[in-house]
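In my numbering, the protein residues as written are 44 to 389.
This report concerns only the one structure given below.
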Ligand code: PMP
């Protein structure tokens, strides 16, 4: 093909440079200007494309990976999908150890992308040899020429955002950003993006979002790991029951906890008000904006950038299913009647 024809050589060239989209209605009653960094525009539909590509390319540069080698990770979620996608293009095998809690849809999606999936029992402790952590470690030890991504404890996860998400936001806001707000799971997104932004302007406020049932907020405030903070919750990808070394707690100014129910309703509201079909944790970020607003965090001059991590299509059988919402007790009877008003033509 002629050189002047504008084509992408492969899907990986579309990673990053996601749009910043103004939120127009959902923030109506909150002071400030609000913008969403919509990571669903990555080709793998999430922010994890960035770390998958970056970590693999760093391993290639270090001579640790050559085509035909194997990428290993413990994830059923976005990171697994992105790693599988990058592996296809670059010629690696991809092995993912996932929990038996993962839905069949998710496992099928990873297998569609060429990954070898090991389903490990969910109801065993992390140190059990069958846990997905230990299965991944064992596979890594047994597989010659393999790399274990280990995103919770891998500094390259942070560096990926330092080199891409941070500079993009600085440029897109022409340096006018006053607040960054992002979910913390591994902490890679918020830590790396914040590091770059604070280097440009140390006054930018870094606001974290955590889940009820996770240890991050309390650890940030007290440096104490409190087991009593831990209980099951439904939002996936947000919060944690351990302290990831990928989280830079010192760079985060404040954490806000959000509930499963509020975040679910907010994810649905973002679709209905802004026409943006984004995932459960985008709802969590939006809910946190509301709560931070109520605490007086923002003024009319604030330019707030929120990271929306992934696409809504991954949650069709959860947040965007009326039946699921009802099973969780997230609808009162009025809402349910309204939500289920589908007209069937006979
Ligand atoms: N939202 C979703 C849907 C995720 O999968 C993740 C990653 N665990 C996050 C938010 C949090 O991002 P990070 O791991 O970079 O803190």
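By construction, the Cβ of each residue, glycine as well, lies at the ideal position given by its N, Cα and C atoms.
1) Three or more C-beta pairs under 8 Å: does that hold for the region 316-323 against the region 225-242?
2) What number of angstroms, rounded off, separates the C-alpha of residue 304 from the C-alpha of residue 373?
3) By alpha-carbon positions, which one of 167, 82, 137 ends up nearest to residue 154?
4) Kindly list the residues whose CB is nearer than 6 Å to the CB of residue 219, restricted to its own chain and excluding five residues on each side of it in sequence; keep chain order.
5) Within 6 Å: the Cβ of residue 202 and any heavy atom of the ligand PMP?
6) Looking at the structure shown, is residue 75 part of a helix, part of a strand, or coil, going by DSSP?
7) Could you check if residue 291 belongs to the surroundings of the ligand PMP, using beta carbon to heavy atom distance under 6 Å?
8) Give a single yes or no on whether residue 148 has its beta carbon closer than 6 Å to a heavy atom of the ligand PMP.
9) May I ask you to check if the CB of residue 61 is nearer than 6 Å to at least one heavy atom of the ligand PMP?
10) Here's a check: name, in chain order, each residue in its chain whose Cβ is nearer than 7 Å to the Cβ of residue 174, leaving out the five neighbours to either side.
11) Taking C-alpha atoms, which residue in 217, 141, 116, 288 lies nearest to residue 197?
12) Judging by CA-CA distance, which residue of 246, 274, 245 is the nearest neighbour of residue 259?
13) Looking only at C-alpha atoms, which of 332, 352, 298, 129 sits nearest to residue 324?
14) Along the chain, where does the alpha helix (DSSP H) containing residue 260 start, and where does it finish?
15) Per DSSP, what are the beta-bridge partners of residue 250 in this structure?
16) Identify, in the order they occur along the chain, each residue of the same chain with its Cβ nearer than 7 Å to the Cβ of residue 240, setting aside the five sequence neighbours on each side.
17) With a threshold of 6 Å (Cβ to nearest heavy atom), would residue 197 be considered close to the ligand PMP?
18) Return the CA-CA distance between residue 61 and residue 349, expressed in angstroms with no decimal places.
19) Assign residue 106 to buried or exposed, taking buried as 16 or more other Cβ atoms, counted over all protein chains shown, within 10 Å of its Cβ.
20) For the ligand PMP, I want to know if residue 324 counts as a neighbour, meaning its beta carbon is within less than 6 Å of at least one of the ligand's heavy atoms.
21) Does at least one heavy atom of the ligand PMP sit under 6 Å from the Cβ of residue 356?
22) Determine the extent of the alpha helix (DSSP H) in which residue 201 is found, giving its start and end residues.
23) Is it the case that the Cβ atoms of residue 280 and residue 306 are separated by a distance below 7 Å?
24) Short of 6 Å in beta carbon distance, which residues of its chain neighbour residue 179, apart from the five on each side in sequence? Order them along the chain.
25) Starting from residue 319 and walking both ways along the alpha helix (DSSP H), at which residues does that stretch end?
26) Can you grab the Cα-Cα spacing for the pair residue 263 / residue 49, in whole Å?
27) Quick one: what's residue 310 bridged to in DSSP?
28) Quick one: what's got a C-beta closer than 8 Å to residue 367's C-beta in the same chain, skipping five residues either side?
29) Rounded to the nearest angstrom, what separates residue 252 and residue 282 at their Cα positions?
30) Please determine, among 67, 82, 83, the residue with the shortest C-alpha to C-alpha distance to residue 76.
31) Could you tell me how far apart the beta carbons of residue 249 and residue 295 are, in whole angstroms, since I believe they sit closer than 8 Å?
32) Suppose you measure from the CA of residue 96 to the CA of residue 215; what does that come to, to the nearest Å?
Taking the coordinates as given:
1) no
2) 6 Å
3) It is 137.
4) Closer than 6 Å at the Cβ level, and outside the excluded window around residue 219, lie 346.
5) no
6) coil
7) no
8) Between the ligand PMP and residue 148, a heavy atom-to-CB distance of less than 6 Å is absent.
9) no
10) The answer, listed in chain order, is 163, 167, 168.
11) Nearest option by C-alpha distance: 288.
12) Closest by alpha carbon: 274.
13) 352
14) 259-265
15) 224, 297
16) Leaving aside the five residues that flank residue 240 on each side, the residues in its chain whose CB is nearer than 7 Å to its CB run, in chain order, 209, 212, 213, 220, 223, 247.
17) Judged by the Cβ position, residue 197 fails to qualify as a neighbour of the ligand PMP at the 6 Å threshold, every heavy atom of the ligand being at least this far.
18) Separation of residue 61 and residue 349 (C-alpha to C-alpha, rounded to the nearest whole angstrom) is 13 Å.
19) The residue in question, residue 106, is exposed, as its Cβ has fewer than 16 Cβ neighbours within 10 Å.
20) yes
21) no
22) 198-206
23) The criterion of a C-beta distance shorter than 7 Å is not satisfied by residue 280 and residue 306.
24) 115, 117, 140
25) Residue 319 -> no alpha helix (DSSP H), and no H or E assigned at all.
26) Inter-residue distance for residue 263 and residue 49 is about 47 Å (C-alpha atoms, whole angstroms).
27) The partner list for residue 310 (beta bridge, DSSP) is empty, contrary to what the question assumes.
28) 360, 361
29) 8 Å
30) 67
31) 5 Å
32) 22 Å
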